[in-house]
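One line per chain: the protein sequences are A and B, in this order. Our numbering applies: residue 6 is where the first sequence begins, and numbers increase by one. Our numbering applies: residue 955 is where the second sequence begins, and numbers increase by one. All C-beta atoms in this analysis are idealised placements derived from N, C-alpha and C, irrespective of residue type, glycine included. Small disclaimer: the values here were computed from a predicted structure and weren't measured. Okay, so here's the structure we're looking at.
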Amino acid sequence: AQKITQTQPGMFVQEKEAVTLDCTYDTSDPSYGLFWYKQPSSGEMIFLIYQGSYDQQNATEGRYSLNFQKARKSANLVISASQLGDSAMYFCAMREGLNQAGTALIFGKGTTLSVSS
Amino acid sequence: KAGVTQTPRYLIKTRGQQVTLSCSPISGHRSVSWYQQTPGQGLQFLFEYFSETQRNKGNFPGRFSGRQFSNSRSEMNVSTLELGDSALYLCASRESGGNLHFGNGTRLTVT
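Here it is in C-alpha cells:
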C-alpha cells in the first residue's frame, strides 16, 4: 500500500483564488511528521510547511496552511490567494519514527498546480 | 547562510560508465540525504549520512554508494550506469531534528 497518496495529478486555479491540494497518508507509527514541498521547473525542492502528529493545531505559514485531520489520515495543503509564482509541482511527504535517527522522507507522486491570470 | 550546493547541475554519461555527484550541506548541518527523482518512480530515498556514517539506506542496488567527509560534504557514486539511472538526484541537509533543506539537484542523463 502507498504510504502517501496524492490523488490530483493536476490542479488549475485562477489568481487570487484559494486552492486545496489533497494528501492522505498511511502509518501505524504514532510519531510522524508531515511535510509539503514545492518544486518549480528549476528542480529545487522548497520546504513549505510541517505538521507533527502530536501537534494540536493546524500548521500555518503565511499563505500556506495545512488542514490536518488525524483520524482521516489526511494532510491537505491550502494555498490562499494564489499567485502566478505558485505554479509548480507540490509534494506531500511523511517521516515516520520522529524519535529515531536516520528515518527517510516518503514522498507522494505530486500534484501539478497551474495558476492563470 | 548559503544553501545546499550540488555539483554539477547537469551530467551526460554513457551506459557502463560511472559517475560521482557532490553535495555541500548548509554550514552546521551534519546530516546529508540523497534522493532520486524519476517521472516513473517519483522521489525515492537513496541513503542518509550523519557524521561520516551511513545510518539509513533505501532499496537501491549496490551500484549506488555514497560517503560523507569530515566537513559534512557528501558524494554519491553510481557505477556501471544504466539507462534507467537517468534522473534528477537531490541532496538534502538537515540540522538535528530540523526540516530537510534540498539543493537544486544534479540532472543525470545516461545515453
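- Query: Which same chain residues, not among the five before or five after residue 15 of chain A, have their C-beta less than 6 Å away from its C-beta?
  - Reply: Counting from one through the first sequence, the residue named residue 15 of chain A turns up at place 10. Cβ contact annotation for residue 15 of chain A (same chain, cutoff 6 Å, sequence separation greater than five): 117, in chain order.
- Message: Residues in the same chain with beta-carbon distance under 6 Å from residue 1027 of chain B, minus the five sequence neighbours each way, listed in chain order, please.
- Response: Sequence index remark: in the second sequence, residue 1027 of chain B carries index 73 (1-based). For residue 1027 of chain B, where only same-chain residues beyond five positions count, the Cβ hits under 6 Å are 978.
- Query: According to DSSP, is residue 1037 of chain B helix, strand or coil?
  - Reply: To locate residue 1037 of chain B, count along the second sequence from 1; it is residue 83. DSSP places residue 1037 of chain B within a helical segment (H, G or I) once states are collapsed to three.
- Look at the Cβ atom of residue 964 of chain B, then the Cβ atom of residue 1044 of chain B, and state whether they are nearer than 7 Å. As a position in the second sequence, residue 964 of chain B is number 10, starting the count at 1. As a position in the second sequence, residue 1044 of chain B is number 90, starting the count at 1. Going by C-beta atoms, residue 964 of chain B is not nearer than 7 Å to residue 1044 of chain B.
- Mind listing which residues of the region 970-998 of chain B have their C-beta closer than 9 Å to chain A's C-betas, in chain order? The region 970-998 of chain B vs chain A, Cβ under 9 Å: 985, 987, 989, 991, 996, 997 and 998.
- Item | Residue span of the beta strand (DSSP E) that contains residue 28 of chain A, given as start and end | Taking the first residue of the first sequence as position 1, residue 28 of chain A is located at position 23. No beta strand (DSSP E) holds residue 28 of chain A; DSSP gives it neither H nor E.
- Message: Can you check whether the C-beta of residue 69 of chain A is within less than 7 Å of a C-beta belonging to chain B?
- Response: Taking the first sequence and counting its residues from 1, the one referred to as residue 69 of chain A is at position 64. Not one beta carbon of chain B lies nearer than 7 Å to the beta carbon of residue 69 of chain A.
- Message: Contact defined as beta carbons within less than 8 Å: I believe residue 1006 of chain B pairs with residue 1033 of chain B. What is the distance between those atoms, to the nearest angstrom?
- Response: Counting from one through the second sequence, the residue named residue 1006 of chain B turns up at place 52. Counting from one through the second sequence, the residue named residue 1033 of chain B turns up at place 79. By a beta-carbon distance limit of 8 Å, residue 1006 of chain B does not contact residue 1033 of chain B. Their separation comes to about 21 Å.
- Query: Since residue 108 of chain A meets chain B, which of its residues come closer than 8 Å, beta carbon to beta carbon?
  - Reply: To locate residue 108 of chain A, count along the first sequence from 1; it is residue 103. Neighbours of residue 108 of chain A on chain B, chain order: 1010.
- Neighbouring residues, chain B, relative to residue 101 of chain A (Cβ below 9 Å): Taking the first sequence and counting its residues from 1, one reaches residue 101 of chain A at position 96. Residues of chain B passing the Cβ test: none, with the nearest at roughly 12 Å.
- Query: Taking Cβ to Cβ, would you say residue 37 of chain A is nearer than 7 Å to residue 53 of chain A?
  - Reply: Translated into the one-based positions of the first sequence, residue 37 of chain A becomes position 32. Translated into the one-based positions of the first sequence, residue 53 of chain A becomes position 48. No. Outside cutoff.
- Query: What are the start and end residues of the beta strand (DSSP E) that includes residue 1031 of chain B?
  - Reply: Taking the second sequence and counting its residues from 1, one reaches residue 1031 of chain B at position 77. Counting along the chain, the beta strand (DSSP E) containing residue 1031 of chain B begins and ends at 1028-1032.
- Query: Beta-carbon of residue 59 of chain A versus every beta-carbon of chain B: anything under 7 Å?
  - Reply: Within the first sequence, the letter at position 54 stands for residue 59 of chain A. Taking Cβ atoms only, chain B never reaches closer than 7 Å to residue 59 of chain A, which makes this a no.
- Query: Does any residue of chain A bring its CB to less than 7 Å from the CB of residue 1031 of chain B?
  - Reply: For the purposes of this step, residue 1031 of chain B is taken as residue 77 along the second sequence, with counting starting at 1. Closer than 7 Å: no.
- Item | Top-ranked residue by Cα proximity to residue 35 of chain A, from A:85, A:71 and A:105 | For the purposes of this step, residue 35 of chain A is identified with residue 30 of the first sequence, where counting begins at 1. Selected option, being the one with the closest Cα: A:105.
- Message: Could you check whether the Cβ of residue 1052 of chain B sits closer than 7 Å to any Cβ belonging to chain A?
- Response: In the second sequence, counting from the first residue as 1, residue 1052 of chain B sits at position 98. False, the Cβ-Cβ gap to chain A never drops below 7 Å.
- Message: Assuming residue 1062 of chain B and residue 972 of chain B are in contact, meaning their beta carbons sit under 8 Å apart, how far apart are those beta carbons, in whole angstroms?
- Response: Against the second sequence, residue 1062 of chain B aligns to sequence position 108. Against the second sequence, residue 972 of chain B aligns to sequence position 18. So it is not a contact: roughly 11 Å between Cβ atoms.
- Task: Determine the DSSP secondary structure at residue 82 of chain A, reduced to helix, strand or coil.
- Result: Taking the first residue of the first sequence as 1, we reach residue 82 of chain A at position 77. Correct three-state label for residue 82 of chain A: strand.
- Message: In the DSSP assignment, the beta strand (DSSP E) including residue 119 of chain A goes from what residue to what residue?
- Response: Taking the first sequence and counting its residues from 1, one reaches residue 119 of chain A at position 114. First-last of the beta strand (DSSP E) with residue 119 of chain A: 116-121.
- Would you say residue 1058 of chain B reaches chain A, if we count a Cβ-Cβ gap shorter than 7 Å as a contact? For the purposes of this step, residue 1058 of chain B is identified with residue 104 of the second sequence, where counting begins at 1. For residue 1058 of chain B, the nearest beta carbon of chain A is closer than 7 Å to its own beta carbon.
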